[in-house]
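Novice: The structure under discussion is supplied below as structure tokens; questions concerning it will follow.
In the numbering used here, the protein residues as written are 190 to 394.
Next up, the structure:
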């Protein structure tokens with residue numbers, strides 16, 4: 190379930206119907222394929238009945254539907270109530286869930302969006318998992334060594350200075366200490382796409 194493409198002018202139920210996917214073995218379904226489509230408990234039960242396997246539930250930008258409506262508080266509250274009901278089946282179906290993962294800008298408890306999801310672990314501040322969804326600087330260095338070297342030469346900077354430049358101009362985060370900076374993969378990839386264009390131009394010239 191991804192809310193990344195949701196905008197304030199869209200009907201939330203229509204968006205979910207068309208964009209949320211359910212995979213059962215090799216078969217892919219949309220949420221609208223289920224007549225009880227807003228009942229997660231029944232979907233989990235159906236998957237378990239068909240496969241005898243637990244489900245993985247992945248939700249991206251879980252809080253976007255609320256955040257984009259913050260200028261309209263009644264609508265934001267309506268969204269919050271809707272999702273409290275939508276996720277109600279999660280807590281009582283732990284035995285049918287292998288992993289439940291959600292990402293968002295706000296903490297679940299501080300946002301008070303889903304009172305039913307009060308038993309989650311925050312991976313952002315766990316030193317063992319904080320980099321699960323992001324690039325560390327070591328990963329950037331190891332996977333984009335050529336691009337960093339081109340960037341370093343073009344800007345006449347040291348590697349350390351390049352890192353500082355990237356931190357200043359692109360999304361970077363630090364959840365649990367000052368040394369372990371992590372970077373938004375999309376932004377890093379876009380940066381080095383530009384550098385790849387430089388490399389191709391240099392090869393042509």
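Built from N, CA and C at the ideal position, the CB exists for glycine as well.
Computed from a prediction, not measured in an experiment: that's the story for all the values here.
Smallest Cα separation from residue 280: which of 333, 229, 351, 209?
Specialist: To locate residue 280, count along the chain shown from 1; it is residue 91. Of the candidates 333, 229, 351, 209, the one whose C-alpha sits nearest the C-alpha of residue 280 is 229.
Novice: Given that a residue counts as buried once 16 or more other Cβ atoms are within 10 Å of its Cβ, and exposed if not, what is residue 226?
Specialist: Taking the first residue of the chain shown as position 1, residue 226 is located at position 37. Buried is the call here.
Novice: Using a Cβ-Cβ cutoff of less than 6 Å, which residues in the same chain neighbour residue 253 once the five nearest sequence positions on both sides are dropped?
Specialist: Along the chain shown, one-based indexing puts residue 253 at 64. 192, 195.
Novice: Please classify residue 344 as buried or exposed, where buried requires at least 16 other C-beta atoms within 10 Å of its C-beta.
Specialist: What you label residue 344 is simply residue 155 of the chain shown in a count that begins at 1. Exposed, because fewer than 16 other Cβ atoms sit within 10 Å of the Cβ of residue 344.
Novice: Using DSSP bridges, identify the partner residues of residue 324.
Specialist: Start at 1 with the first residue of the chain shown, and residue 324 comes out as number 135. 372.
Novice: How would you write the range of the beta strand (DSSP E) that residue 274 sits in, first residue to last?
Specialist: Locating residue 274 in the chain shown gives position 85, counting from the first residue. Premise fails: residue 274 lies in the alpha helix (DSSP H), 262 to 275, not in any beta strand (DSSP E).
Novice: So, with DSSP's three-state summary, where would you put residue 205?
Specialist: Residue numbering aside, residue 205 sits at position 16 when the chain shown is read from its first letter. Helix.
Novice: Am I right that residue 325 and residue 371 are in contact with their C-beta atoms under 8 Å? What's the rounded C-beta distance?
Specialist: Within the chain shown, numbered from 1, the residue matching residue 325 stands at position 136. Within the chain shown, numbered from 1, the residue matching residue 371 stands at position 182. Confirmed, about 6 Å.
Novice: Can we say the stretch 317 to 337 touches the stretch 262 to 277, given the rule of at least three CB pairs closer than 8 Å?
Specialist: Segments in contact, no.
Novice: Which residue or residues does DSSP assign as beta-bridge partners of residue 311?
Specialist: Counting from 1 along the chain shown, the entry for residue 311 is found at position 122. None; residue 311 has no bridge partner.
Novice: Which residues bound the beta strand (DSSP E) around residue 340?
Specialist: On the chain shown, residue 340 is found 151 positions in, with the first residue counted as 1. Careful: residue 340 lies outside any beta strand (DSSP E), inside the alpha helix (DSSP H) at 334 to 344.
Novice: In terms of residue numbering, what span does the alpha helix (DSSP H) encompassing residue 253 cover?
Specialist: Along the chain shown, one-based indexing puts residue 253 at 64. Looking at the DSSP string, the run of the alpha helix (DSSP H) that includes residue 253 is 253 to 256.
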